[in-house]
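In my numbering, the protein residues as written are 130 to 239. One structure below.
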Amino acid sequence: MKRVSDAAAWPVDLIPAKEGGFIVNFPDLPNGWSQGETRGEALAQAGDLLDEMILGRMAHNEDVPPPSPAKGRQVVVLPALTAAKFEAYRAMPRPTSANSRSGLAGSPRK
Numbered sequence: 130m131k132r133v134s135d136a137a138a139w140p141v142d143l144i145p146a147k148e149g150g151f152i153v154n155f156p157d158l159p160n161g162w163s164q165g166e167t168r169g170e171a172l173a174q175a176g177d178l179l180d181e182m183i184l185g186r187m188a189h190n191e192d193v194p195p196p197s198p199a200k201g202r203q204v205v206v207l208p209a210l211t212a213a214k215f216e217a218y219r220a221m222p223r224p225t226s227a228n229s230r231s232g233l234a235g236s237p238r239k
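The following block contains the structure:
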């Protein structure tokens with residue numbers, strides 16, 4: 130079985146909710162929260178959340194912070210197709226303001 134790249138597995142926090150169930154959070158990826166009634170459901174929701182957050186950041190040409198070491202925490206792995214897209218995205222040169230459309234839009238015409 131092929132080992133998953135550490136770059137495609139993010140640690141997740143499963144926080145017990147007062148009303149029951151678990152709240153899902155990825156410490157390395159702000160602005161993403163979900164929940165599940167059981168630990169299994171919370172992890173399934175975490176997988177969907179991670180997939181959407183990574184694809185969304187790539188679609189908007191945003192940086193994707195690398196995962197921090199798990200240090201005993203549960204990790205969630207990207208689906209194979211998203212992981213492959215993510216590896217290609219990481220390998221591509223990042224646009225700068227000098228060569229981006231927004232940078233060109235402010236340039237005076239000659």
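Note that CB positions come from ideal geometry on N, CA and C, so glycine has one too.
Cβ separation of residue i and residue j, assumed to be a contact under 8 angstroms, to the nearest whole Å
i	j	result
alanine 146	glutamine 174	Actually they do not touch by this definition, with Cβ atoms about 13 angstroms apart.
proline 140	proline 196	6 angstroms
glycine 176	valine 205	5 angstroms
alanine 138	phenylalanine 151	Incorrect: roughly 19 angstroms between the Cβ atoms, too far for contact.
leucine 179	leucine 207	6 angstroms
beta-carbon residue i near the ligand SAH non-hydrogen atom, thresh 8 angstroms
i	result
alanine 188	The model on display carries no ligand, and the ligand SAH is accordingly not part of it.
Same chain, Cβ closer than 8 angstroms to residue i, neighbours up to 5 away in sequence not counted
i	result
asparagine 154	Val141, Asp142, Ile144, Gly161, Trp162
alanine 199	Ala138, Pro140
aspartate 157	Trp139, Pro140, Pro194, Pro195, Pro196, Ser197
threonine 167	Gly150, Phe151
Chain-order list of residues whose beta-carbon lies under 6 angstroms from that of residue i (same chain, five-residue window excluded)
i	result
glycine 201	none
arginine 186	Val193
glycine 182	Reading the sequence as shown, one finds methionine at residue 182 and not glycine. Here the set comprises Leu158, Gly161.
**Item:** Length-filtered (3 minimum) beta strand (DSSP E) runs lying within the segment 170–198
**Value:** Given a length threshold of 3 residues, the segment 170–198 has no whole run of the beta strand (DSSP E) inside it.
**Message:** In chain order, what are the residue ranges of uninterrupted beta strand (DSSP E) at least 3 long that sit wholly in the segment 134–166?
**Reply:** The DSSP assignment places 138–140, 142–145, 151–154, 162–165 as complete runs of the beta strand (DSSP E) inside the segment 134–166, in order along the chain (cut-off: 3 residues).
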